[in-house]
Structures are given as structure tokens and as C-alpha cells.
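Input: a single structure, listed below in C-alpha cells.
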Amino acid sequence: MQLEKIYEPQRFEPHWAQWWIDSGIFKVEPRPGEKYFSLVIPPPNVTGSLHMGHMLDHTLIDIAVRWHRMRGDNTLWVPGTDHAGIATQMVVERQLAEKGETRLQLGREEFEKRVWAWKDISHARITEQMKRLGSSCDWSRERFTMDEGLSRAVREAFVRLYEKGSIYRGEYMVNWCPRCQTAISDLETAHEDVQGNLWHIKYPVNGQPDRFLTVATTRPETMLGDTAVAVNPKDARYTDLHGATVRLPLMGRDIPVIFDDLADPEFGTGVVKVTPSHDPNDFDMGKRHKLPFIKVIDEQAKMTQAAGPYAGLDRFDARKAVVAELEKQGLLVKIEPYALSVAKCDRCRTIVEPLASTQWFVKTKPLADAAIAKVEAGEIEFIPANWINTWNQWMHNIRDWCISRQLWWGHRIPAWYCDNGHITVHRDDPSKCSTCGSDNLHQETDVLDTWFSSGLWPFSTLGWPDQTPDFKSFYPTTLMVTGFDILFFWVARMAMLGIEMTGEAPFRQVHLHGLVRDPHGQKMSKTKGNVMDPLTINDQFGTDAVRFALVSGAASGMDISFTTERLEAARAFATKIWNAARFLFMRMEEAGVEPHIPASCNPETIEDRWIISRLNSAAATVNKAIEQHRYHEAADTMYHFFWDDFCDWYIELKKLRADWDVILTVFEKALRLLHPVMPFITEELYQRMGPNTKSIAISAFPDAGPIDAAAEREMSLLQQIVLSARQNRADNKLDPKAQFKAKLVTSEPIYRAAIEKLANLTLEIQNETVPAGFTLTLELPEANSAALKQRLEKEALQLEKTIANSDRQLSNEAFLAKAPEKVLNEMKEKRAAYQAQLEKIRKQLQEVNS
RNA sequence: GGGCCCGUAGCUCAGUUGGUUAGAGCGCCUGCUUGACACGCAGGAGGUCACAGAUUCGAGUUCUGUCGGGCCCACCA
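Start counting the first sequence at 437; every next residue gets the next number (the numbering used here).
In C-alpha cells:
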């Protein structure tokens, strides 16, 4: 049986993806009390399909998961998707708009049906993609944030927090998105720097005909809702104004002058207008000074009746009208260009309107304190570790979390109102008011912030609030892998809610990876049109190659620039593996050997002992690297072991004296080593190596093994000899195929045939001890020795410099006194090696000269 | 205003506890259609590790500052 000449991953990848699922090898049994590795997927939003960021995420996860599984841990990766409230609702609303429909026309019930229908489509697409990526999750445990079990967990968590007083309802200033028609949390706003103006407006002081207080504002339209002006109590300019009022222009309303520290005497005139209904600071001042709240902008961002003549205008049109009128009345002192940042809705980029409204909140301070403590105690570890700073800073400055959303897609808040204004919060739908017994109840129409349910994900997916075998076996989860962009949105909420609900941090380690960027380092986005579709790329290069490309570029939380070159290099590697296998199969067929995985092998020759030693060393590095989440280092080690050691040297040597047990053993072990990163090609080749009943995915991951120092030394000498001959030949522009005679002086054991074959030489060996182990002299045509001489001279010079450097160090008394023994010895050894090499070169030079 | 990250070969980036000659991939140059592989083989050129100080016997690696780039947080009217 021979391997196909062309490496076509598309032909076998889907097959193995499906086989893994069908064979059920990723299904896990709960085993409470036993060692385990568990991880829950960051559930993708059901808004469409997966992007490269997901693929990076899933690749990193899958490597960790496959590695743990192969190491024999009871390994669980829970898959699933997120209903993604506002995001999904927007997608469906956009689809409706294309057909000229709105959700209001459909009504809540019908709209929800439409979203569920879309959820099915998106969910199917996402799971299809995930399977194609080879994600080795346990599909029997798949969850959706709005499925029955998770909805029960949501209610349980809500009720517990409410009963504890950690959830409250009240009227506060929130970020309102006039387009999405809902409140959003602070995190869901993005601040953008814009060039605006500072309008300076005169407010006449009552009873003092020529006196004005000048206020400066970036939002003149809000003055219509002013109910005071504030000055700093320490500001000498205004101490006489106790009890004074000013006349609010345009509205003709008298409003008091109040004294509040919030007014900064240094800023402008030191007088600030106070609009309690439309500014968070002013809201607080309004409460402090018991000012009236006049709402002049409504939920549609239009002016209300309270705005008098401006009622009905859009907020920005009102701004123009107000400014024009003020100017007309001579009350506009000046307009000053002013750089400010405006809060926009993260989803739709509409400028957010701060509005006082009645919402549900989570009191976050106590939850945050617990989360900080867990991290401080080392129960949650960040990778990379610096994230602890960002974490702490955010947690220490946390503000209460607005969790109610005026949306239709999501978990309805489990609160019921009766006619008497009582609130009943209950796990199950109550039939009567818990306060007055009224049976006329209606449920809160608001839904919960989508992050509330995803905040419960690590345990709600395992059956919580029940103490299920899964929960007892796999909680707390071992690892969380996700992008740093959702640290606050998600990781922080999971930590807070997890600790609150279960008493334990929901994960031990948080690995935060970077972003996948385009070849120019730009963020990928639909609007820029530089997004890559994972499936397209996978079909083009093979999933293994794309995985390898992602991993080899993703070092410790850094962003990765995803270039075609990187993909091509990764594909070349996959092809190399394929071709190496093809060579083995070809030779086996010639030799009449059936492909098989040897039960054992007995390395005797130098190359066999050497490659096993190298494999053992590579396995050690890879194990350590994966354990420490340095996946790029693992990939790099695999790459160089397989390509440089296995292909370039070992296979070449094996061409001289082929026997099968060692090479097949090493090849098969190399496949296992590669499997977590490149699952498909390794499975394909593993299966072709003989009658296997099981998948490579559940074979044992190679352990570190003993290093054969003698073999490595001997092989290194062989490599040096071959290398020096090749260099020599290339320097002299000689035909690589031409056979030359050469004199090799050495007392070391030498694999003569190998050197002669790899360097195209006919050797005359002289058994004599020389520095640096050997000297090799090619019998070259006279005319060609000039280039060689030049190179040797250059090399000698370099070595002399290095040796001088070493000597300076080694004669430095301070160094000798302080340097550790090990470093000192290493240095001496190296110095001796340089010296030997130098002498070898000098000898060669002599011979060239003579 | 606070915090974080980055600045190493033409490009994209590695470089865990400080150790003598700083690496990879791609690109480039030279030679090879060698019976696994041109997605290949062999050889080569290319770096004052942003800059300035400090600590040290020794700094790409630690500290301080400067410059340049990116990101995050923040109730700067």
C-alpha cells in the first residue's frame, strides 16, 4: 500500500472529524473525586458563523484538551452556544427590516419565534464549523444559554442574589441606546474622541440686573432641563450667592444656585449647569440637593413636552435651535472648540443618552472583593500573569451592574408585579403576590443582560444548581481560554458569580490570548472587509496547517498577524510529514514489510540511538511547553524535531541501512507528539500504519525519556564533518554531485559510509587524536582553493576575537570569585572548544597554502 | 488622569529564572528537476537587540528616564 503522491487534507479531514464524534471517544464519564481536566468553551454567539478569532480560541483549547486526554486525564470539553441577547436580536431585526418588517409589527411572541428559527440556523452552522475544525469536545454535553437547564440556573442565581439583597431595582442614571431601545451597561459603551464645542452661556442672576453666571457646556440642549447651577463652596467669587436664583434662559424658569464640590473653580468660570435627568454627575447632585428632575429628552432621543417650544425635535436639531436662539438673545458668550469623548453603543455606534430610568442592578462591590481575594490567594491564575494588574484595577473601581435590558430575546427577569405595586421574585412562576396575596400578577417584561447567563456558564453547563455527578466531577473547571477582549464582560462576571454561587472560583487558570490580525496588523472586521472565513482557509490549506499557523504565531498573549506566508509554511510542514510517511511506505513495500507499529524496538546503531534521544528530548520540551501554555514553543519544537532531525538527518542515514522497528517506532511516536496540534494528518497516517482499532487521539502522549549523550556527541561530530565538507564544496563552487577524495583525521568512532554518502566523498581515514575531534581536508583542484582560504581566514579571525573575549572574562578575578561553578565550567569548556576549532582551521589553512 | 503591551535580520515574530559566537519562518543570493518531498535539497548574505543612563564580573534579558507605536480603564461640565 502506498500513500497518494499529493497531500490532500480535504479528502480525509472531514472523515476523521465525523469518525471521532461517531466513535464517541470524546465522551467522558463523570468520576467524582478523580483527577480531571475540564474546560468549558467560550460559547460563540448565535449571530452567524465563526471567525478566525474563534478558530484560534478553539485551536488553543483543543491542543490543551487533546494533550490532557492523551496523558490519561479524565478530560472534558463542554461545547455550546450563547443566545447573545442584544447582538442576536439586532441580527434578526436587520433581517426583518430587509423584508420591510419590524419586531413591533410582529409582536413579542412571533418575534421570539423568528429569533429561535434564526438561532437554529446559526447554531447548526457553528457546530458544523466546530466539528470541521476537529474540536474534540463532548457533544453529548452541548448546552445553549437559553435551554431549559441553564434557564433554571439563571433563575436560581437571580433569586439567590435578590434574596440576599445583592440585586435591587431602582431609578438610576443608565446608558440608554436610542436605537437599540434598551439600557446597556457601562461596559457596552465605547468612548470615542470627537471634536466638539464648549458653549458658554449667560444665565442672568435674579435681583442683580447686570450680573450673569456663565456656564460652559458641551450639550447646550440639556439646559432646557436644568434645575440649578452649581459653584464650588470655596470659590470666593460666588460666596455672596447663597440663596440666590438665576433665570434659566429660553425656559424662563428660576433655578437655585447651589454649592457643591463637584464644581471645579479652575474649569471655565467655575459655574456648572445642573441637569439631573441627563447627566450622571448632575443626577447625583440632584439627589444630594433634592432638586427637581426634568426629563427633556425621551427614549427616542427626541425632546419631550417639558422642553417647551423644542418638544418633538431630535436632540441634535434641538441643540442647533437652542444655540441659535441663545445667540439671538445675546446670551451666548462664546463657542470654544473642545475635544471630548462621547459614549457610543458598542453594538450600533449610536451616541448613548444618559437617562434616569428604573432598572435592575447587581451590587457588585462584595462580589468583586471576593474575586480579588481569590486571585490574590492564587486560586485563579492568569496567563500571562500581568493581567492581574488590569483585573485588580477594574475590580477595585467596579460600579454596580445594570442587568435589565428592554429587549425581547433573553431570559425574562423572574420578577412579578401585582396591582398594589409589590414585587414577587421567585424560582417558579408564582400564582399570587408574596406580599398581599393578589393573584393579578404580571411578569417583568425586561430580560437579563446576556452576560448574566454566560456568567454562570462554567457551572450551569454542569447541571448546577443540582449537585450532579458532572458538577461533582468537573467543577471547578481547570482552565479557561479566551480573548482578553472579554476579560471584564465575561471572565470577571464568571469569577464573581461563580464564587458567589458555588463558593469556589469557577476556573483555576485563565489563559488570555491575543487577537488574530490581518497581514498588515489590522484588526479583522466586516466593515474593513479583511475577515477570513475559517472554512475557506481550511479548505485551501488544510485544517492542520491553519491550526499550526495559528499556534506557531501566537506567543504568550500577543496578537498574531495572520499572513499567507505563515499559512504556506505550515502547509509545507504538513506536506513534509506526508512525504516522509510516503517514503517509509514506499520502502516498506519494496522490502515486503507490512506497515505496522512495532511492539518494541532495539536501537543499536548510532543514528537509531541518536534519533531516540532527540525524540525524548523533544517530548520533554513539548510536554513542558504545553503544560505552561507556551503552545508556540511546542509547535516550534515539533517542527524542528520532525523536519531537521527526523527528515534531514535520520531518514537520510536510514537510506543507507534500513531496518524498520526503530524508524517506525520513532515515526509513530512523532505522530503522537504532533497530534494535539495537527490531529487530522496524524490520525490519517496513524490509521495507515496498520490495523488499529483505536484512534491516535486516545493513544498515550510521548513522555520525556533518557538522553543518550554519547550518541548525541557522536552524531554531532558526524554532522560537523558533513557540514564542513558541504561548506567547503559550496565555497569553491564545486558540483555537489562530484565525488572528491578527502582525508579525515580523527580518533573518534566514525560512521564512514554515512559521511561518504552525505558529503559525496571518498574518505581516507587517519586514526590520530586532533583538537576539535577531527580535521577534514578535501583534495580540491588548485584553482578553487582561494574561496576556501578566504572563508577559513574570516572564521579564524572571528574565533580569535571570541577566545580573547573568553580569556578576558576568565582572568577577571571578580568573575572568578562570583560566577557559579557551573557557568565557569561551561565557559572553560566552550573556550577549549573554540581553541580546538581554531587550531583545526589553522591546520586546514596550512594545508590549503601548501 | 490611571494601567497594560510592543519597539530584536528586508518582513512577521521567538528569545521562562541575566552567562561568553542572539534564533526561526518568509523573502533575498548561489548551486541542485538527487527515486519521499521544488510546499523540496545543499550552501550563503543580512542584526550598534529604539535611545540614554543605572545595577552587575557579565544585560536583548533587571531598574530609571526619553522617544516612537498600540490597547484598556476613568462621572475631564
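Even glycine gets a Cβ: it sits at the ideal position worked out from N, Cα and C. Here the structure is a predicted model, which means the values were calculated and not measured.
Residue i - DSSP class collapsed to helix/strand/coil
{"i": "Pro-1112", "result": "coil"}
{"i": "Ile-1134", "result": "helix"}
{"i": "Asp-969", "result": "coil"}
{"i": "Asn-1248", "result": "coil"}
{"i": "Leu-714", "result": "It should be noted that the sequence gives His, not Leu, for residue 714. Reduced to three states, the DSSP call for His-714 is coil."}
{"i": "Lys-726", "result": "coil"}
{"i": "Gln-945", "result": "strand"}
{"i": "Tyr-774", "result": "strand"}
{"i": "Leu-1260", "result": "helix"}
{"i": "Gln-736", "result": "coil"}
{"i": "Gln-795", "result": "strand"}
{"i": "Phe-1210", "result": "strand"}
{"i": "Thr-1073", "result": "helix"}
{"i": "Ile-935", "result": "helix"}
{"i": "Ile-694", "result": "strand"}
{"i": "Ile-1201", "result": "strand"}
{"i": "Phe-998", "result": "coil"}
{"i": "Leu-1180", "result": "strand"}
{"i": "Leu-768", "result": "strand"}
Same chain only: Cβ atoms within 7 Å of residue i, ignoring 5 sequence neighbours per side
{"i": "Val-551", "result": "Thr-524, Gln-525, Val-528, Trp-845"}
{"i": "Val-1058", "result": "Ala-1070, Thr-1073, Met-1074, Leu-1109"}
{"i": "Ile-461", "result": "Ser-1131, Ala-1133, Ile-1134"}
{"i": "Val-1158", "result": "Ile-1191, Leu-1194, Ala-1195"}
Cβ neighbours of residue i in the same chain (closer than 8 Å, five flanking residues each side left out)
{"i": "Arg-953", "result": "Lys-959, Met-960, Asp-995, Ile-996, Ser-997, Phe-998"}
{"i": "Leu-749", "result": "Lys-738, Met-739, Ala-743, Ala-757"}
{"i": "Ile-470", "result": "Checking the sequence, you will find Glu at residue 470 rather than Ile. Asn-510, Ser-909, listed in sequence order."}
{"i": "Val-769", "result": "His-636, Ile-637, Lys-638, Thr-650"}
{"i": "Ile-1239", "result": "Arg-1267, Tyr-1270, Gln-1271, Leu-1274"}
Exposed unless 16 or more other CB atoms sit within 10 angstroms - verdict on residue i
{"i": "Thr-538", "result": "exposed"}
{"i": "Asp-774", "result": "It is worth fixing the name first, because residue 774 is Tyr in this sequence and not Asp. The residue is exposed, with fewer than 16 neighbouring Cβ atoms inside 10 Å."}
{"i": "Ala-1106", "result": "buried"}
{"i": "Val-917", "result": "buried"}
{"i": "Cys-613", "result": "buried"}
{"i": "Ile-1087", "result": "buried"}
{"i": "Met-1022", "result": "exposed"}
Same chain, Cβ closer than 6 Å to residue i, neighbours up to 5 away in sequence not counted
{"i": "Ala-1189", "result": "Leu-1092"}
{"i": "Leu-951", "result": "Asp-995"}
{"i": "Pro-701", "result": "Asn-668, Asp-671"}
{"i": "Ser-572", "result": "Phe-462, Asp-498, Val-501, Arg-502"}
{"i": "Pro-412", "result": "Residue 412 lies beyond the residue range present for the chain, which begins at 437 and ends at 1286; the question has no answer from this structure."}
Proximity below 7 Å, CB of residue i to CB of residue j
{"i": "Ser-621", "j": "Cys-784", "result": "no"}
{"i": "Leu-475", "j": "Leu-915", "result": "yes"}
{"i": "His-878", "j": "Tyr-853", "result": "yes"}
{"i": "Ala-991", "j": "His-1068", "result": "yes"}
{"i": "Val-514", "j": "Arg-577", "result": "yes"}
{"i": "Gly-722", "j": "Ala-652", "result": "no"}
{"i": "Leu-892", "j": "Tyr-911", "result": "no"}
{"i": "Pro-790", "j": "His-714", "result": "yes"}
{"i": "His-504", "j": "Phe-473", "result": "yes"}
{"i": "Ala-804", "j": "Ile-834", "result": "yes"}
{"i": "His-1294", "j": "Ile-819", "result": "A query on residue 1294 cannot be resolved here, the shown segment of the chain reaching from 437 to 1286 and no further."}
{"i": "Pro-1138", "j": "Ala-1055", "result": "yes"}
{"i": "Glu-1231", "j": "Ile-1277", "result": "yes"}
{"i": "Glu-1283", "j": "Thr-1182", "result": "no"}
{"i": "Pro-1293", "j": "Thr-972", "result": "The structure shown does not extend to residue 1293, since the chain is modelled only from 437 to 1286, so the question has no answer here."}
{"i": "Ser-840", "j": "Thr-581", "result": "no"}
Closer than 6 Å: residue i CB and nearest the ligand MN heavy atom
{"i": "Asp-1171", "result": "Summarising the ligand content, the structure contains no ligands, and the ligand MN is consequently not present."}
Starting from the N-terminal side, write out each stretch of the alpha helix (DSSP H) that is 4 residues or longer and does not extend beyond the segment 518-586. 521-534, 539-542, 544-568
Kindly provide the ranges of any alpha helix (DSSP H) runs that are 4 or more residues long and lie completely inside the segment 811-872, ordered along the chain. 823-832
To test your reading of the DSSP string, which unbroken beta strand (DSSP E) runs of 3 or more residues are found completely within the segment 460-509? 472-476
Whole beta strand (DSSP E) runs in the segment 638-683 with 3 or more residues, listed along the chain? 648-653, 664-667
Quick check on the DSSP output: what are the complete alpha helix (DSSP H) runs of length 4 or more inside the segment 867-913, in order along the chain? 886-890, 893-896, 905-910
I'd like the ranges of any beta strand (DSSP E) spanning at least 3 consecutive residues and lying wholly in the segment 600-640. 603-613, 618-620, 625-640
What beta strand (DSSP E) runs, 3 residues minimum, are completely inside the segment 1043-1100? none
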